[in-house]
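Residue 108 in the working numbering sits at position 107 of the sequence shown, with consecutive numbering throughout.
Here a beta-carbon is modelled for each residue, glycine too, at the ideal position from N, C-alpha and C.
Source: prediction; values computed, not measured.
Have a look at the structure below before the remarks.
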Amino acid sequence: MTTRKLTGRWGEELAAEYLRRSGYKIVALGYRTRMGEIDIIAEKRKFLVFVEVKLRKTDKFGTAGEYVNAEKQRKLRLTALAWMQSNETSKQPRFDVIEIYAPHGIQTVDPTINHIENAF
């Protein structure tokens, strides 16, 4: 596995643990279709939350969340729709972004996590 993939997986695991500690139930990790991938699918109260995780070393070139552009949002919506068509739920869908800032990559001891609820 490449360093990039390992770092991405590390960020997703960190985000999933953050969500668990915040009272979310993790439903799926790395859900893929031909339309795209959703990093984390979680539930909390009345919401089914589709989470995009963005990991960056710095916000020098913009926040991590700014990298979730209109095309990425479209793919996330289509992928979420596919999941909802395959899995019966009465929960309301919501799209969140979790930004993780880790200046030293996976060597970062205390990364900064910013959870943006209802990001788009």
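Residue span of the beta strand (DSSP E) that contains residue i, given as start and end
i, result
"G37", "G37 to K45"
"T90", "T90 -> no beta strand (DSSP E), and no H or E assigned at all."
Range of the contiguous alpha helix (DSSP H) that encloses residue i
i, result
"Q108", "Taken as a continuous stretch (DSSP letters only), Q108 belongs to no alpha helix (DSSP H), as it is neither H nor E."
"K61", "First-last for K61: undefined, no H or E at that position."
"E72", "A71 to S87"
"T8", "T4 to R22"
Environment of residue i [buried if 16+ CB atoms lie within 10 Å]
i, result
"F62", "exposed"
"L49", "buried"
"D40", "buried"
"L56", "buried"
"D97", "buried"
"V69", "buried"
"L123", "In the structure as shown, the chain starts at 2 and stops at 121, and residue 123 therefore has no counterpart that could be examined."
"G12", "buried"
Residues bridged to residue i (per DSSP)
i, result
"E53", "V98"
"Y32", "I39"
"N119", "Bridge partners of N119: none, in fact."
Q: Take every Cβ of the stretch 71–82, pair it with every Cβ of the stretch 20–28, and state whether three or more of those distances are shorter than 8 Å.
A: no
**Q.** Three CB pairs or more closer than 8 Å across the stretch 108–117 and the stretch 76–86
**A.** no
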